[in-house]
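Line by line, the protein sequences are chains A and B.
Note that the working numbering has the first sequence beginning at 1194, numbered continuously upward.
Note that the working numbering has the second sequence beginning at 134, numbered continuously upward.
Note that beta-carbon positions come from the ideal geometry of N, C-alpha and C, so glycine has one too.
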Amino acid sequence: MDRQLRWWPRAGVSGVALLLAGLVLGACGGGAAVRSGGGTSGGAGVTITLYNGQHPQTTATLVAAFEKQTGVQVRERDGDEDVLAQQIVQEGSNSPADVYYSENSPDLQFLASKGDLAKLGPAVLGKVPSRYSSPQGMWVGVTARVSGIVYNTRLVRPSQIPRSVMELASPAWAGKLGLAPSETDFQPVITSVERTYGHAAALSWLEGLKRNAGNHVYPDNETLVAEVNSGQVALGIVDHYYWYRLAYELGGAAHMHSRFTTFAPRNAGYVLDVSGAGVLRTSRHQAAARRFVAFLVSKQGQEIIARSQSYEYPLGSGVKTSQPIPAFSSLEPVPLSIAELGSGSGALALLHQAQLL
Amino acid sequence: MVTGTTVARRARWLNPTRKSADPRMPLALVVLSVAVVAGLMLPLAFLVLQAAQAGGGQLSQLLLRQLTLTLLLNTVKLVVVVTAACAVIGTAAAWATERTSLPGRRVLATLLVLPVAVPDFVIAWGWVSLFPSLSGLPGAALVLTLGLYPLVYLPVAASFRRADTAQEYVARSLGKGPWSTFMSVTLPQARLAVTGGCLLVALYLLAEYGAFSVLRYQTFTTEIFAEFQQGFDAPAAAALSLVVVALGVVVLVAEVAATRPGRTVLGRPRPQAGVRVGLGRATAPVVAALGALVVLAVGVPAAMIVYWAGSGQRTTLPAAQSLAGAAWHTALYSASAAAVATVAALPVAVLAVRYRRAPVVVMERAALLVEALPGLVVALALVYFAARYAPLAYQSGPLLVMAYAIMFFPLALVAVRASMARVPAELEMVGRSLGRRPLSVVLRVTLPLVMPGLLASFLLVFMTAATELPATLVLVPTGVQTLATQFWAYTGDFSYRAAAPFAAAMLVVAVVPSYLLGRWFDRLPSGAVGR
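What follows is the structure, encoded as structure tokens:
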């Protein structure tokens, strides 16, 4: 009896202590190993940190090509673009990020408005038509996507597809519309409607969408496209590349029960939105960080994007892509500048008022 | 045979409200506990700092609208329904596996805790794929009950394992039926574990995001995430989080009322191997019921993973190396966090059980409150403080471990506290009276007796941390992948086929420790503890 009592604590306590020591050492080692870097030039041997809100697979391909070409090492950190932007703000002047690469312009505009981005040089900005980059030169546009309608071909005939985004609020679409209101991709469409028709009309339009969507409110566009494709809901507003990515995953357009189409030319729902990258003001590797951003819009970088499964339109160095069917030059989006799209605060207020958020 | 401890127990039975004999709180214990709780308050401090930046006009615009009432009602309804369901299911399952002659109970016991190791959004996805119309309150209540009942099951099972079966004998010999014995003897012994588990479920629900976003059920937390996502508006998100904190306080006060001191029946643990309630003709229905529970809670998401693995055409499967690397990091961070949280919970639990006074209760409640905070909030709080005051630790393994330990500390505290409450203070006093130093008494008497609680705590924190996503994305060392972050990266890209192995690996990582611990309990000689 007494022996058991003695055995217990000794074996138990020393075992727990050993386990703890091992775990803490292991966890420290894991952290320390990646926290290296140094050097101030923009050349080989420097390590920069990339906060990546874009498609991880395509970005990883870009990073590998850049590392091979320059010898600069890139530590890639993937996350939601909005959480990464929020993270940079909370990190303040000690942010480890050197480059921020986002899916949509509002996040970049938000960071620029906080003074967190450094001005880019004309060599980088010159690679891309100026209307697709920061008006103040704080970030450069890398790719573009357009918003439109994804519809289930069994539930809706092409002739029934509304030509204007405003029609989706009509009672005719009750129970047929899917919505992902918390997606950052939805903001530019709201901003566009507000710019075109005014605040009051935009609000009653959003309220109409909410009524029509009913239970079909989804957390993200991936879900929305998949639900439309499987026939759970007839149609929804998304950016074009979600449909192309799902088609790729399912083995091509022939396996899809849905199609993507844009609204009428220059309709408020036909928005061209830009994905871009900027260098952090607090970066200690300015030269290397700028080289990476320059690489993104270079011919080599843009061709990697054009060949990838991102299905976005490359914006720089004259590179074209074959996959999204309408050619970039044939797009006729609503004329809306980056500055007019802003950081999306107006769209947020509208979402609040419509109680979609 | 009337021994000294039997007499002492009788005295406690006769006068259950008697306070512990030793009125002076050991200084070391107080200092340790205060340090632990202070660390847990970091996220709350961050919230207050942030919310202070929000303008009054903006706040009233956000909070004084119809949606706030809807969110409040949604949250309250769900918390009530799911907590009640988890209490019944978790307690019944724990009783069946620990106190009856159930065949195959070791395997069942392993399977029953597994839902904790399935990410909430995977469970939700599994169900939504099967029943696309599932949404709203019924959907959310079903999915979350199936995902969260282990939070009640684990502490209650640990508690039943050390229950005093002699009392049940007495009750039965006095003519009480099995049901009456269960209600009047067995259940009161597990009372702290049941209420503690319910508390965890309720607080967890307040912070839940992933499942609600899939099931399209709006609560304050989905609103907080939307605020961060759409508005980059940390002050507004912080203000909404403080509303969630207030709801958490309500839950915590309610639990205090349910666990008034003196209501806990303490008995000297006298576990006896083989002393189990014979199920007789009820065996088949009980096995069927538990089997159905396992199929619903684990089978549906597992089927979903298998379906994903076979879906899609183009995606190349991830390299086995990346899977092994991600599994290793997940196990390393989660196990470290489980160890840290369990060790940190010990002083607070001892204080809360042995020296239960107003300041101690307030401290203990504050420590539990952190469970109601969404993971993203805890993560951003650590970003804020670490980037400013400990830049070298920022985005390092230890900081992620600390985040997990903070977020899941309440799981550890409840498990350890429930076991601690079943250790008779008299045994410690006997140790002291025999001339042992207090530390020696803790190591030789208290620690062996609370070992089941420590292990339950380790398991709970380990499995919950292994599936954590929002904080992991923010705090994981740059370049390091865990199972959850890889799963996220692939599902965000429709690559469900590539994501499936990572979800399956989460289950495997959780099965091994839970099965091994179960076996270890079974092999313990019946008299090894507490005689």
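Output needed for Gln-1493 of chain A: all residues of its chain with C-beta closer than 8 Å, excluding positions within five of it in sequence on either side, in chain order.
Here residue 1493 of chain A refers to the residue found at position 300 of the first sequence. Once the five neighbours on either side are set aside, the close Cβ partners of Gln-1493 of chain A are Ala-1258, Gln-1262.
Pull up the distance between the alpha-carbon of Asn-1297 of chain A and that of Val-1467 of chain A, whole angstroms please.
Locating residue 1297 of chain A in the first sequence gives position 104, where the first residue counts as 1. Locating residue 1467 of chain A in the first sequence gives position 274, where the first residue counts as 1. The alpha-carbon atoms of Asn-1297 of chain A and Val-1467 of chain A are separated by roughly 6 Å.
Does the beta-carbon of Trp-1398 of chain A have 16 or more other beta-carbons within 10 angstroms, so that it is buried, or is it exposed?
Residue numbering aside, residue 1398 of chain A sits at position 205 when the first sequence is read from its first letter. Buried.
8 Å Cβ cutoff, Asp-1466 of chain A in contact with chain B
Within the first sequence, the letter at position 273 stands for residue 1466 of chain A. No - not a single Cβ of chain B is within 8 Å of the one on Asp-1466 of chain A.
Taking Gln-1283 of chain A as the query, report the chain B residues whose CB atoms sit under 8 Å from its CB, ordered along the chain.
What you label residue 1283 of chain A is simply residue 90 of the first sequence in a count that begins at 1. Ala-367, Leu-513, Val-516, Tyr-517, Ala-520, listed in chain order.
Our contact map puts Leu-247 of chain B next to Val-644 of chain B with C-beta atoms below 8 Å; I'd like the distance itself, whole angstroms only.
By one-based count along the second sequence, residue 247 of chain B stands at place 114. By one-based count along the second sequence, residue 644 of chain B stands at place 511. That pair is a contact at about 7 Å.
Which chain B residues sit within Cβ distance under 8 Å of Asn-1287 of chain A?
Position 94 of the first sequence, counted from the first residue, corresponds to residue 1287 of chain A. Those within 8 Å of Asn-1287 of chain A in chain B are Ala-520, Arg-521, Pro-524, Tyr-527.
Quick one, are the C-beta atoms of Asp-1291 of chain A and His-1478 of chain A less than 8 Å apart?
Reading the first sequence from its first residue, position 98 is the one you call residue 1291 of chain A. Reading the first sequence from its first residue, position 285 is the one you call residue 1478 of chain A. Yes.
If we ignore side chains and look at the alpha-carbon of each, how far apart do Ala-1542 of chain A and Ala-184 of chain B end up?
What you label residue 1542 of chain A is simply residue 349 of the first sequence in a count that begins at 1. What you label residue 184 of chain B is simply residue 51 of the second sequence in a count that begins at 1. The straight-line gap from Cα to Cα measures roughly 18 Å.
C-alpha gap between Val-1227 of chain A and Leu-532 of chain B, whole angstroms
Here residue 1227 of chain A is taken as the residue at index 34 of the first sequence, counted from 1. Here residue 532 of chain B is taken as the residue at index 399 of the second sequence, counted from 1. Note that Val-1227 of chain A scores 38 on pLDDT, short of 50, meaning its location in the model is unreliable and no value can be drawn from it.
Interface flag, Ser-346 of chain B vs chain A, CB-CB below 8 Å:
For the purposes of this step, residue 346 of chain B is taken as residue 213 along the second sequence, with counting starting at 1. By this cut-off, Ser-346 of chain B is an interface position.
Chain A contact for Phe-595 of chain B (CB, 8 Å cutoff):
By 1-based counting over the second sequence, the position of residue 595 of chain B is 462. Cβ-Cβ to chain A under 8 Å: no for Phe-595 of chain B.
Mind checking whether Thr-600 of chain B and Met-639 of chain B have CB atoms under 8 Å apart?
Here residue 600 of chain B is taken as the residue at index 467 of the second sequence, counted from 1. Here residue 639 of chain B is taken as the residue at index 506 of the second sequence, counted from 1. In this structure, Met-639 of chain B lies closer than 8 Å to Thr-600 of chain B by Cβ.
If distances are taken between C-alpha atoms only, which option among B:Leu-244, B:Ala-273, B:Leu-245 comes closest to Trp-725 of chain B?
Any property of residue 725 of chain B remains undetermined from this structure, which presents chain B solely from 134 to 664.
Candidates A:Gln-1548, A:Pro-1374, A:Leu-1417: which alpha carbon is nearest Ala-1427 of chain A's?
As a position in the first sequence, residue 1427 of chain A is number 234, starting the count at 1. It is A:Leu-1417.
I need the boundaries of the alpha helix (DSSP H) containing Gly-172 of chain B, first residue and last residue.
In the second sequence, residue 172 of chain B corresponds to position 39, counting from 1. Per DSSP, Gly-172 of chain B belongs to the alpha helix (DSSP H) from 160-173.
Would you call the stretch 279-294 of chain B and the stretch 303-314 of chain B in contact, with 3 or more CB pairs under 8 Å?
no
Using a Cβ-Cβ distance under 8 Å, would Gly-1246 of chain A count as near chain B?
Reading the first sequence from its first residue, position 53 is the one you call residue 1246 of chain A. Gly-1246 of chain A does not count as touching chain B.
So, with DSSP's three-state summary, where would you put Ala-1470 of chain A?
Residue mapping note: residue 1470 of chain A aligns to position 277 of the first sequence, counting from 1. Correct three-state label for Ala-1470 of chain A: strand.
Can you find the residues in the same chain that come closer than 7 Å, C-beta to C-beta, to Ala-460 of chain B, ignoring five residues on each side of it along the sequence?
Locating residue 460 of chain B in the second sequence gives position 327, counting from the first residue. Taken in chain order, the residues that qualify are Leu-616, Ala-638, Val-642.
DSSP three-state call for Pro-646 of chain B: helix, strand or coil?
By one-based count along the second sequence, residue 646 of chain B stands at place 513. Helix, per DSSP.
Along chain B, in chain order, which residues have C-beta atoms closer than 8 Å to that of Thr-1242 of chain A?
Indexing the first sequence from 1 puts residue 1242 of chain A at position 49. Correct list: Thr-611.
Opening and closing residue of the beta strand (DSSP E) in which Tyr-1244 of chain A lies
Position 51 of the first sequence, counted from the start, is the residue given in the question as residue 1244 of chain A. Unbroken beta strand (DSSP E) run through Tyr-1244 of chain A: 1240-1245.
I'd like to know whether the C-beta of Glu-356 of chain B is nearer than 8 Å to at least one C-beta of chain A.
Within the second sequence, numbered from 1, the residue matching residue 356 of chain B stands at position 223. Chain A contact via Cβ: present.
Those residues which DSSP pairs with Val-1431 of chain A across a bridge
For the purposes of this step, residue 1431 of chain A is taken as residue 238 along the first sequence, with counting starting at 1. Bridge partners of Val-1431 of chain A: A:Gly-1341.
Residue-level contact to chain B via CB, Arg-1268 of chain A, 8 Å cutoff:
Residue numbering aside, residue 1268 of chain A sits at position 75 when the first sequence is read from its first letter. Yes, its Cβ sits closer than 8 Å to a Cβ of chain B.
From the DSSP output, which residues share a beta bridge with Thr-233 of chain B?
Numbered from its first residue, the second sequence carries residue 233 of chain B at position 100. Per DSSP, B:Val-410.
Kindly indicate the opening and closing residues of the alpha helix (DSSP H) around Arg-1459 of chain A.
On the first sequence, position 266 is the one that residue 1459 of chain A refers to. From DSSP, Arg-1459 of chain A is part of no alpha helix (DSSP H); its letter is neither H nor E.
Helix, strand or coil for Asp-1378 of chain A per DSSP?
In the first sequence, the residue the question calls residue 1378 of chain A occupies position 185. DSSP places Asp-1378 of chain A in helix when its eight states are reduced to three.
Relative to the C-alpha of Val-1333 of chain A, which residue among A:Gln-1280, A:Gly-1371, A:Gly-1509, A:Gln-1516 is closest?
Your numbering for residue 1333 of chain A matches position 140 in the first sequence. Val-1333 of chain A has its Cα closest to that of A:Gly-1509, out of A:Gln-1280, A:Gly-1371, A:Gly-1509, A:Gln-1516.
Using three-state DSSP, classify Val-249 of chain B as helix, strand or coil.
Mapped onto the second sequence, residue 249 of chain B falls at position 116. In the structure shown, Val-249 of chain B sits in a helix (DSSP, three-state: H, G or I).
Between B:Ala-299, B:Thr-230, B:Thr-352, B:Leu-202, which lies nearest to Leu-211 of chain B when the distance is taken from Cα to Cα?
Numbered from 1 along the second sequence, position 78 holds the residue referred to as residue 211 of chain B. When each option's Cα is compared against that of Leu-211 of chain B, the closest is B:Thr-352.
Answer with yes or no whether the minimum CB distance from Gln-1279 of chain A to chain B is below 8 Å.
By one-based count along the first sequence, residue 1279 of chain A stands at place 86. Yes, because at least one Cβ of chain B sits closer than 8 Å to the Cβ of Gln-1279 of chain A.
Can you pull out the residues from the stretch 1436-1448 of chain A whose beta carbon lies closer than 7 Å to at least one beta carbon of chain B?
Arg-1438, Leu-1439, Tyr-1441, Glu-1442, Leu-1443, Gly-1444
For Asp-1275 of chain A, which three-state DSSP category applies?
Translated into the one-based positions of the first sequence, residue 1275 of chain A becomes position 82. Asp-1275 of chain A: helix per DSSP, three-state reduction.
Answer with yes or no whether the minimum CB distance from Arg-1452 of chain A to chain B is below 8 Å.
Working through the first sequence from its first residue, we reach residue 1452 of chain A at position 259. Chain B, which has no Cβ nearer than 8 Å to the Cβ of Arg-1452 of chain A, makes this no.
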